[in-house]
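Q:
Chains as they are written, first to last, in my numbering: chain A, 151 to 370; chain B, 151 to 370.
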């Protein structure tokens, strides 16, 4: 009864507090400059306790990436109603994506800026998340393309389209990443505005493509 | 006359050889894992000579970023004929961008993956380059938007458009960055294919926007 209250906290809760603090420090200062002292202080625990729970700075960083990646993909998945047409699904996915990245700027900085460049296994964690987002977008575009082109004889065209769809999905995810970083540093940009900008950019263009109205490169 | 020939090499030439080696090692292994021994060996010079010319690993890395950033923006600028319509300028700029990044995968890895996350001043170097590319695209979109909307009474619309144009430019540059990384790791994707994919994605969409055919978000 006389014990300090915070010591009674369940391990899982305390671990999440450490991760909250770590995501903030890693996101603000970067992996190299982040100190375990500052993370422990912000979490309100001793440094040995952080090491006891998370083992090392590397493992703490990995746990941050894994938690933030899961939170982002979960948010996008939860935001999308899969029974809607492809363009509505994309709109809902973009809304959920920008709402999450705007609400979690430190988490986004960890994923977008920090995780990819400090070698494996950090990069592998974020690559897996990115591949999941690209797969989601690829599938949406492919469904829309199949709905638009019902000509079954055109196997060659389907193969060409598949390659193009992969490129389009990469472009869209890259555009979303770039816009999230921009929205996080530009005052007054809401998640809805960012999503509408990208939707206009992407879907109006993709919609044209689906209807066979491609931009024609000049003959040269 | 009996001196070893390589010792006669002008300083500027030898420095470029060191930078060639450094860009390759940094691009392949990342900043942290790159060793000055390996860079010196690949450049065919002694390690003390690398330090004599470039002072430190940090300064060598900065010199690599600066050279690669300049090479990329120079390539894009040289590829664009500024007397052409906006869509043709964008097409030429994208062609030049993807041709350069495909021909210089290590340089692109240094700029896209390495430079942004090892703190200042590295990040500042690549931010300056990125801002130049965003400014180029912003101006192209703004010119096209002005050409499309000749209604001078709509000042409010112009302001709204300006904000949206900034977002569109960020989206397009982010899409190009993502596609460059994809093209560099996907066999059989040419610069022209990557440029055509993005041009279709971007310009068909932007073209619709210019004509006032925006994608309409659902009322909810």
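Even glycine gets a Cβ: it sits at the ideal position worked out from N, Cα and C.
Could you tell me the distance, in whole angstroms, from the CA atom of residue 153 of chain B to the CA atom of residue 161 of chain B?
A: Reliability fails at residue 153 of chain B, whose pLDDT of 44 lies under 50, so the model's placement of it is uncertain and the value that follows must be treated cautiously. Rounded to whole angstroms, residue 153 of chain B to residue 161 of chain B spans 16 Å at the Cα level.
Q: Could you name the residues of chain B that residue 285 of chain A contacts, counting a contact when the two beta carbons are closer than 7 Å?
A: Those within 7 Å of residue 285 of chain A in chain B number zero; the least Cβ separation is about 14 Å.
Q: Cβ closer than 8 Å: which chain B residues qualify as neighbours of residue 327 of chain A?
A: 324 and 328
Q: Are the stretch 199-214 of chain A and the stretch 233-252 of chain A touching, with three or more C-beta to C-beta distances below 8 Å?
A: no
Q: Our contact map puts residue 348 of chain B next to residue 318 of chain B with C-beta atoms below 8 Å; I'd like the distance itself, whole angstroms only.
A: Not quite, the Cβ-Cβ distance comes to about 13 Å (not below 8 Å), so this is no contact.
Q: Using the beta-carbon count (16 or more within 10 Å), is residue 253 of chain A buried or exposed?
A: exposed
Q: Kindly list, in the order they appear in chain A, the residues whose Cβ is closer than 7 Å to that of residue 320 of chain B.
A: 328, 329 and 332
Q: Counting along the chain, where does the alpha helix (DSSP H) carrying residue 174 of chain A start and finish?
A: Unbroken alpha helix (DSSP H) run through residue 174 of chain A: 161-179.
Q: Are the stretch 173-192 of chain B and the stretch 248-267 of chain B touching, with three or more C-beta to C-beta distances below 8 Å?
A: yes
Q: Would you mind reading off the limits of the alpha helix (DSSP H) that contains residue 186 of chain A?
A: Residues 186-193.
Q: Taking the alpha helix (DSSP H) that residue 257 of chain A belongs to, which residues open and close that run?
A: 255-259
Q: Quick one: what does DSSP say residue 284 of chain B is sitting in, helix, strand or coil?
A: helix
Q: Which residues in the same chain as residue 333 of chain B place their Cβ atom closer than 7 Å to its Cβ, once the five residues preceding and following it in sequence are excluded?
A: 248, 252, 339 and 344
Q: Judging by CA-CA distance, which residue of B:316, B:290 and B:282 is the nearest neighbour of residue 224 of chain B?
A: Its Cα nearest to that of residue 224 of chain B, the residue B:282 stands out among B:316, B:290 and B:282.
Q: Would you mind working out which of A:168, A:316, A:323 and A:293 sits nearest residue 237 of chain A, comparing C-alpha positions?
A: A:293
Q: Assign residue 276 of chain B to one of two classes, buried (16 or more other C-beta atoms within 10 Å of its C-beta) or exposed (fewer than that).
A: buried
Q: Looking at residue 204 of chain B: is its Cβ nearer than 8 Å to the Cβ of residue 250 of chain B?
A: No, the pair does not count as a contact, with Cβ atoms beyond the cut-off.
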